[in-house]
Each structure stands twice: as structure tokens, then as C-alpha cells.
Amino acid sequence: MRITNKRIFLVASLIVLIFPFIFDSAYTLSIATFAGINCLSAMGLCILMGYAGQASLGQAGFYGIGAYVSAILSLNYGFPVVFSTLIGCVVSALAAVLLAIPALRLKGHYLAVATLGFGEIIHVVLNEWGPGGPSGFGDIPKFYLFGYVFNTPLSYYFLIWAVVMTLMAFSLNLINSRFGRALRSMHDSETASSAMGVDVPSLKIKAFVLSAVYAATAGAFYAHYVTFISPSSFSLFQSVLVLMMVVVGGITNLWGAVVGAIMITLLPEALREFKEYDILVYGLILILSLLFFNKGLVPIILERLQKGHRA
Amino acid sequence: MSLEIRDITKTFGGLVALEDISFDIPSGLIKALIGPNGAGKTTLLNIISGIYPPDKGSVTYRGRPVHGLSPSEIARLGISRTFQHVELFGNMTVLENIMVGRHVRTKAGLIACGLRLPSARKEEAEIRRQSEEVLHYIGLSHRRDEKASSLPIGEERILEIGRALATEPTLLLLDEPASGLNEAETIELSKFIKRLRDERSLTILLVEHDMRLVMDISDEIVVLDFGKMIAEGSPEEIQNNKLVIDAYLGEDDQ
Amino acid sequence: MSVFLQFLFSGLTIGAVYAMVGLGFNIIYNATSIINLAQGEFVVIGGLLMWFFSESLRLPFLLSIVLAITFTGLIGLLMERLTIRPIKKKDLLLMIMITIAVSIVLRGILMFKFGKDPYNYSPFTEGDPINIYGAYIQQQTLWVIGITTLCIILMYLFFNKTMLGKAMKACAVDPTAARIAGINVERMVMISFVMSAMMGAVAGIAVTPITLMEYDRGPMLAVKGFCAAIMGGLGRGRGSVIGGFIIGILESMTAGYIHSGAKDAVALIIMLVILFFRPAGIFGSKTIIDLRRF
Numbered sequence: 059m060r061i062t063n064k065r066i067f068l069v070a071s072l073i074v075l076i077f078p079f080i081f082d083s084a085y086t087l088s089i090a091t092f093a094g095i096n097c098l099s100a101m102g103l104c105i106l107m108g109y110a111g112q113a114s115l116g117q118a119g120f121y122g123i124g125a126y127v128s129a130i131l132s133l134n135y136g137f138p139v140v141f142s143t144l145i146g147c148v149v150s151a152l153a154a155v156l157l158a159i160p161a162l163r164l165k166g167h168y169l170a171v172a173t174l175g176f177g178e179i180i181h182v183v184l185n186e187w188g189p190g191g192p193s194g195f196g197d198i199p200k201f202y203l204f205g206y207v208f209n210t211p212l213s214y215y216f217l218i219w220a221v222v223m224t225l226m227a228f229s230l231n232l233i234n235s236r237f238g239r240a241l242r243s244m245h246d247s248e249t250a251s252s253a254m255g256v257d258v259p260s261l262k263i264k265a266f267v268l269s270a271v272y273a274a275t276a277g278a279f280y281a282h283y284v285t286f287i288s289p290s291s292f293s294l295f296q297s298v299l300v301l302m303m304v305v306v307g308g309i310t311n312l313w314g315a316v317v318g319a320i321m322i323t324l325l326p327e328a329l330r331e332f333k334e335y336d337i338l339v340y341g342l343i344l345i346l347s348l349l350f351f352n353k354g355l356v357p358i359i360l361e362r363l364q365k366g367h368r369a
Numbered sequence: 032m033s034l035e036i037r038d039i040t041k042t043f044g045g046l047v048a049l050e051d052i053s054f055d056i057p058s059g060l061i062k063a064l065i066g067p068n069g070a071g072k073t074t075l076l077n078i079i080s081g082i083y084p085p086d087k088g089s090v091t092y093r094g095r096p097v098h099g100l101s102p103s104e105i106a107r108l109g110i111s112r113t114f115q116h117v118e119l120f121g122n123m124t125v126l127e128n129i130m131v132g133r134h135v136r137t138k139a140g141l142i143a144c145g146l147r148l149p150s151a152r153k154e155e156a157e158i159r160r161q162s163e164e165v166l167h168y169i170g171l172s173h174r175r176d177e178k179a180s181s182l183p184i185g186e187e188r189i190l191e192i193g194r195a196l197a198t199e200p201t202l203l204l205l206d207e208p209a210s211g212l213n214e215a216e217t218i219e220l221s222k223f224i225k226r227l228r229d230e231r232s233l234t235i236l237l238v239e240h241d242m243r244l245v246m247d248i249s250d251e252i253v254v255l256d257f258g259k260m261i262a263e264g265s266p267e268e269i270q271n272n273k274l275v276i277d278a279y280l281g282e283d284d285q
Numbered sequence: 011m012s013v014f015l016q017f018l019f020s021g022l023t024i025g026a027v028y029a030m031v032g033l034g035f036n037i038i039y040n041a042t043s044i045i046n047l048a049q050g051e052f053v054v055i056g057g058l059l060m061w062f063f064s065e066s067l068r069l070p071f072l073l074s075i076v077l078a079i080t081f082t083g084l085i086g087l088l089m090e091r092l093t094i095r096p097i098k099k100k101d102l103l104l105m106i107m108i109t110i111a112v113s114i115v116l117r118g119i120l121m122f123k124f125g126k127d128p129y130n131y132s133p134f135t136e137g138d139p140i141n142i143y144g145a146y147i148q149q150q151t152l153w154v155i156g157i158t159t160l161c162i163i164l165m166y167l168f169f170n171k172t173m174l175g176k177a178m179k180a181c182a183v184d185p186t187a188a189r190i191a192g193i194n195v196e197r198m199v200m201i202s203f204v205m206s207a208m209m210g211a212v213a214g215i216a217v218t219p220i221t222l223m224e225y226d227r228g229p230m231l232a233v234k235g236f237c238a239a240i241m242g243g244l245g246r247g248r249g250s251v252i253g254g255f256i257i258g259i260l261e262s263m264t265a266g267y268i269h270s271g272a273k274d275a276v277a278l279i280i281m282l283v284i285l286f287f288r289p290a291g292i293f294g295s296k297t298i299i300d301l302r303r304f
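Chains as they are written, first to last, in the working numbering: chain A, 59 to 369; chain B, 32 to 285; chain C, 11 to 304.
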């Protein structure tokens, strides 16, 4: 039985559909919803880092822009939530372009730190000039579509995972297309890639914008789910968390990003006993993954399965 | 006249890599660029393919000035190349490497690819078909789904040429394609390059150290030494040119 | 005028810390081309350990200083041994993430041991603040500036006048060539981490009586120290020192005259501006950046 993306997609869709009927408490559904939100961020970062090969430590910045823009527009200006979410994505995309144009000329360390700086600046801006300042604000409208309000755990679960699977399909299409090949070629050799006609600077910017839009979408859905947001959710730690999801699950594999997102979302639950250790455990997991599971869990598992199949 | 190079000069922070280089490459010929190590051959290739601009001088291709254009623009104009140290896309399969070569002649963008629009799907099928053709032409069909980094050096070099062919070039720049090949592989390469000139009417600029290969297949030869042109002519003329012989004294014999 | 001087000295104080962190960055970068994003944690560890030895264990002042610096140096050593050396392929992204992960682990341990409270201990010399043109400058401030200046001079001498220092610089530019020349690259890397950690500890020990120290000060210090290092051109000690002081003063002025909340953004904006327009830094040279193996 060959492992193809289509098959994995079908199995995943099946799991998504069946899950809430087995684990139907509001609590588990809420965790599953957060996992979905995190999947969106992780997929975006995976495309940027795993496929395009560009470092980013500033995902939280785009996440925050998506959340705040959508929340403010829908709460204070009465925008329908769908529109405010879209505008949040657009603003995030613009910020990404503004950041990318100068930043993508930088290499390696410099790029990573530039994105880190960007994320931190957004955090400071939200802290100083966001509604409610450091304490944040609430009463954010819930998500609604054609008059139907998503205010039950089950409905939001399906909403978020519908978005995740849709974006996953989009992403898979992208990776296995002319666009995706151009990205991957750029990762392996920028020189050769541009010699084959790939417009490398433009492609880098597109990859950046893509990851920013994914993160903004996650941010908006987050805001309309928890209905109360504050700058502390959009700090460097959040960026590192998304990084961890991608690293642990598999930098170069979209499904890895999903697995990593789910695992990292579950982590605080598993650590509930050890509240004082939680930062420590995060750090240790990250270090161990980097030292030993260099490629991430999913690619390693896939490799084992392929080898077994060939034998 | 395919490629015209006039007065190309390039310095790197005080080091003069090229000085007043001028020559032509007539269409449909194999022109070799030779010279001792450090003579500036790869630098010239990099200037022609757009990796960096010359400080002075011009490169004109089929009447169009191309110096200063980006590598991707130059690829669009029909100039493609291979690299001294093989620059394959190691993490992609052999077929995918060729398919990237089709990038310059295709256009499905982000949205079309992500949504798998009919136009993108049609183009993708064409890309696959044409890439398979190129793969067959270079004789690597049996390696189709293997990772490019797993190939032996001889096949790597052939694959790199195949990838360049996929861009439908009219001028092909080959940077030391025989480097790392044994005698048998070099002879195969030699025949292959001649086929490219004869069957596909390609113009070829060949940078090479292997003198037997150079003398065997070149129509014309240009010789560089320390960034300056010291000779230009047919293989016979170059072989008997005193300046050329002097330049190579002290170099390892090939 | 006195207000201005007040801000100036407060800026110099914090600027001194940034300068030291920047120097720490440079030391490791000079030997390994790695940017150690856990650099800020060494400062915090130094300060908190000093409290532990002098206040909690009630050990004599000088002994506490020596112990705090030594222990922090050991932590630097451990970090290098456990997380840097095992990596065969020094992939850039991997290195960045590892140093981030280490900073998280260190922070976790600190939080566990010391909790989230701020810690303090008595300044090096007791006494009234010194009056300079109407500005009241704590004596500790002068200690901070003085110690920092001393360290800077020592670093300069080390890297430019001693064989060991020059050997360390050689390693970053080309470790293979350095190895051929007989330099023990692995040992240089280890020494660079230890020195860098101790330097951070010195800064933390000196500044805690003024600003207090909490477990999570690290990342901000690291980012701003990196700004300082970048301003001067990565790898050039003098530049990062000047950069550190400039950032500190600008921060202080911004907080005082413009808007206190925005002060954190100052360093970040400066850093981005420099990265985007002059990555070699104000004092650096573009060619060196291009030639540096990354």
C-alpha cells in the first residue's frame, strides 16, 4: 500500500470527521480546535522554512496582526467577521511584503534575527497602542457565516478543521506543482534555480507572504474563538512554539507540521501537573528534537515505512 | 552571430579577474574557453549568465545587450548553463530536476497551482511529458524517481546538462563538464556534446581543462591567462601557439 | 540639564550591559561564526547566582563574585559540550534554533529555582549617590561603567595581542585552514563559550544592584546585545561596545523624553534599519561580510 498524499489526506479527513463523535466533551473539542488553529500557523511556517528554506522567528507578529485587525474591525467597526478576517490577512500580507523586501536580501542568521526583531516590534506596538494595552480586550464577536453563529464547541471544531483541510489541500497542490518545485529548487540551490528562470527574490517574497497569510488566518480564528486577546499571546514565545511544531513534526513535510502542531498543543495538557517545569520541558523537547530527530518525526517515520515497503 | 563579447572587465576588490575580453561565438559552433586555473574563465561565464554584471564592457546576444540582466531573464532569452561544482537540486528527484528546467517556458503561478486550475493541470501534464522526453534523450530515464544527490558524478553532470536543455536554450554554457569523469565517461560526454551541436543546433561555450576533449570537439578556442585573452583560433592554431604553451608551463599536464 | 544627565547616566548603565552582551556575541562569533541567542541568559544567571552566593549562602563578597562567574562559565562550557559540539553539520538554521532552545531550558531552570520574583543584593560600595551637575548618580553606576571599560580593554588586548586570541579569530574565518595551522579548533570553540558566558556574568553581577534581576530578562538582553553587535559590525569588538552604549542612551532618552513604553522598540528599530541598509554595521566592512563563511 503506497503512501501517497491523497491517501493520507483521505485518512486525515476521516479522522477529523469521526473524532468529535468519539471524544465529544467540550474540553477535548476545545483542545482539538486549538490544535487546528496551530496547524494553520505551522503549515505556513513549514512552507516558508521547509520548502523555501527561509528562516523566520517572527510568525507571532503576523499571527498577532491577523488577530488584532480582525478583532478590532469586527468589534469596533461592525465588519462582518468573514471580511475582517480577510482584511486581517491582507494587512498581514502587506506587512510581510514590507518586511520581506529588505529582509530577504539577508542570509541565514541575519534573516532570522531580522524576523525576530519584526515579531518583537509588533509585540511592543500591540502592548503600547493596542486596545486595552497589555491587558488586552474582549467581547470579540464570534465567527458567523450567512447568519449562522459558530458558538458551540462542535461547530467551531468543524469550522476550524474545514479551514485546515482546505488550506492543506491548497498547500499540497502548491508543493507538487510548478510553484512548489520552484520553491524547493530555490532551497537547494538559489544559483541554479535562477539560472533555470526562477525569479528568486520574487519567489521568496511570495513564500513569506504565504506564511504570513496562514499565520494571520490562524490569528483571526483564534481571536473569534477565545473572544478575548492580549499581547502576551503574540510574543517571541509564540514564534518559538510554532517553530517547535515544525521542527518536531518535520520541517520538510506538511503533514509533519500538522503532527507537530497537534503534539505541541497537547503538551500543556500533559504537563498540567508540572506547571513550574513547563518552560523547561519545552526547551528540552526542542533541543532533543534538534539533536536527534533532525528531520522531524514524520519524515523519519515515512522513511522507515518506505524502506520497509521496498524490502 | 550568436554571442558578442566586447571589452569585458571585472575586478573583485582590487583583484583584476578579467581585462578587456572581446570575442564572438558564431551560431551553431562549439567554442572552447581554456586557460590555467584562475584565468577568469568561470568569472566570464558568470557574467554572461547574469550572476554579476561586468564593471565595463558589453555582452550582446543575437543583437540584444544582456549584460546586467538577472540570471532568470537571461534564461528566458535562451542562454542556459551548467556549473563547475554540480549544482543539482539534491533533494528533488531526477525527473523533478528536469521539470524545474521547464520553469522558464511555463507560467502557472501561485493561485493557479494552489487551486489546480485546468490551465495549470494542462501545463503540468505538458511539463511532465517534455521532461520525460529530455530524460530519455540524455539516457537517464531509469533514474527518474531517484534523488538527484544519489547519482554518481558522471550521471550528475549529464543530468545537469539535461536540466539546462529543458529550458530550450539556443546558447549553452558548460563549465568544466568533464571534471571528475574518467576516460570512458569523457569520451561519452564528448560524443554527447557533439550531438547537441548537430542534432539540436545548439551554440555551445565550453570551459574545460581536459585538453583531449577540447581539441577533439571544439570548432574554435579562446585562451585566457590572468584575466587577459592571449590567443584565439582553431584547435591546430592554438596547439602550436607559443604564448599558450608558455602559459600552461608549470600547470599539471592534462 | 540635570535631567538630561540623569537619563544619560542611566543610558550608559544599561548601555554597558548591552555592550558586554554584544562583546559576548562577538567572542563566540569570532571563534565559530555562530550567533548565540542564549547570550542574554548568562547575564541573568550571573546576577541570580551572585544573589544566591552572597545573600542566600551568605558567603563573602569576593568569593561570591568568583563563584558566580565560575559557575556561569561552567554553564557556558556545558552548553558548548552538550549542544554545539555534537552537531556535525553546522547548519545555520539548526544552530540558531539550538541556541534558542538552550535559552529556553536555562530560563526554565531559573524559573524553577528562583521563581519569577526580582532579586537584589547590596551594591559594591555603600554610600550616597554622587552629585554631578545636579544629577544623582549611584556609585554602582560608576562601577558598572568602570568594569565594563576594563573588560573591553582586556578583550581588545586578548584578541589582538595574544596568540590565543588571534588563533580564535582564525577559527571563524576558516576552521580548516586554522586546523592545518595547528590550532585546536574544538578547544577554541569551547574557550569562546566559556569566556562569553563569564563576560555575561560579570555584566549581570555588576548591574543587578541597580536594575534588579528576574529570570526572564534574558531574551530582551540578547536581542539588544545583538543589535549592539550588529551596529558595530559583527566580529568587531570596538564597534559593538560603542553600539551598546548608543542603544542604551537612545533607549533612556526615548523613555525619558518621548514615551516609556516605546523604549524596547528603539533597539529593535535600530537593528532592523542597520540590517536592512548596512548589514556590515556602522564600522564594519562589506567585503568581510561577503567573505565570511557562513
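For glycine and all other residues, C-beta sits at the position ideal for the given N, C-alpha and C. Since this is a predicted model, take the numbers as computed values, not measurements.
Looking at B:E239, B:D256, B:G258, B:S80, the one whose alpha-carbon comes closest to that of S249 (chain B) is B:E239.
D197 (chain A) counts as exposed, since fewer than 16 other beta carbons sit within 10 angstroms of its beta carbon. The beta carbon of I147 (chain C) sits closer than 7 Å to the beta carbons of F19, P139, I140 from its chain, once the five residues preceding and following it are set aside; these are given in chain order. Taking 9 Å as the cut-off, the Cβ atoms of Y121 (chain A) and A273 (chain A) count as close. Inclusion of M105 (chain C) and I337 (chain A) in the CB contact set at 9 Å is not warranted, their separation being larger than that value. Here M254 (chain A) carries a coil assignment [DSSP, helix/strand/coil].
In the displayed model, N46 (chain C) falls within coil according to three-state DSSP, outside both helix and strand. A Cβ-Cβ contact shorter than 9 Å links I169 (chain B) with I192 (chain B). In the three-state DSSP reduction, R68 (chain C) falls in the coil class, being neither helix nor strand.
Taking 9 Å as the threshold, the shortest C-beta distance from S80 (chain B) to chain A falls below it. Per DSSP, I61 (chain A) is not a residue of any beta strand (DSSP E), being assigned neither H nor E.
In this structure, N170 (chain C) sits away from W61 (chain C), with a CB-CB distance that is not shorter than 9 Å.
With respect to the 9 Å criterion, S99 (chain A) and V127 (chain A) are not classified as neighbours on the basis of their beta carbons. Below the 8 Å Cβ cutoff, chain B contributes C144 as neighbours of G238 (chain A), in chain order. Interface flag for L268 (chain A) against chain B is set, since a Cβ pair is found closer than 9 Å.
Counting along the chain, N311 (chain A) sits inside no beta strand (DSSP E), nor does DSSP assign it H or E at all. In the DSSP secondary-structure assignment, N141 (chain C) is bridged to C:Y146.
One thing to note: L203 (chain A) has its Cβ no nearer than 9 Å to the Cβ of A110 (chain A). A straight-line Cα-Cα distance of about 9 Å links P208 (chain B) and D241 (chain B). If you check each beta-carbon in the region 240 to 261 of chain A against every beta-carbon of chain B, the ones closer than 8 Å belong to A240, R242, S243, H245, D246, S247, T249, A250, S251, S252, A253, M254, G255, V256, D257, V258. Contact between V139 (chain A) and H282 (chain A) holds, with the beta-carbon distance rounding to 6 Å and staying under 8 Å. When only Cα atoms are considered, I75 (chain C) and V283 (chain C) end up about 38 Å apart. The continuous beta strand (DSSP E) containing T91 (chain B) extends over residues 87 to 92. Per DSSP, V117 (chain B) lies in no alpha helix (DSSP H) segment and is marked neither H nor E. Per DSSP, D336 (chain A) has no beta-bridge partner at all.
Taking the Cα positions, R147 (chain B) is about 7 Å away from N231 (chain A).
For S113 (chain C), the CB contacts under 8 Å within the same chain, skipping 5 residues up- and downstream, are L47, A48, G50, E51, G228, P229, A232 in chain order.
A buried status is given to R239 (chain A), since no fewer than 16 other beta-carbon atoms sit within 10 Å of its beta-carbon. Out of C:A216, C:G34, C:K126, C:V199, the CA that lies nearest to the CA of A238 (chain C) is found in C:G34.
With at least 16 other beta carbons inside 10 angstroms of its own, R188 (chain B) counts as buried. Taking C-alpha positions only, P128 (chain C) is separated from E224 (chain C) by approximately 5 Å. Interface criterion not met: the Cβ of T73 (chain B) is under 9 Å from no Cβ in chain A. Separation of Y39 (chain C) and I45 (chain C) (C-alpha to C-alpha, rounded to the nearest whole angstrom) is 6 Å. Positions of the beta strand (DSSP E) runs, each at least 3 residues long and wholly inside the region 167 to 196 of chain C, cannot be given because no such run exists.
Residue environment: Y85 (chain A) is assigned as exposed (fewer than 16 neighbouring CB atoms within 10 Å of its CB, all protein chains considered). Along the region 198 to 277 of chain C, the alpha helix (DSSP H) occurs as fully enclosed runs of 4 or more residues at 228 to 241, 247 to 263, listed in sequence order.
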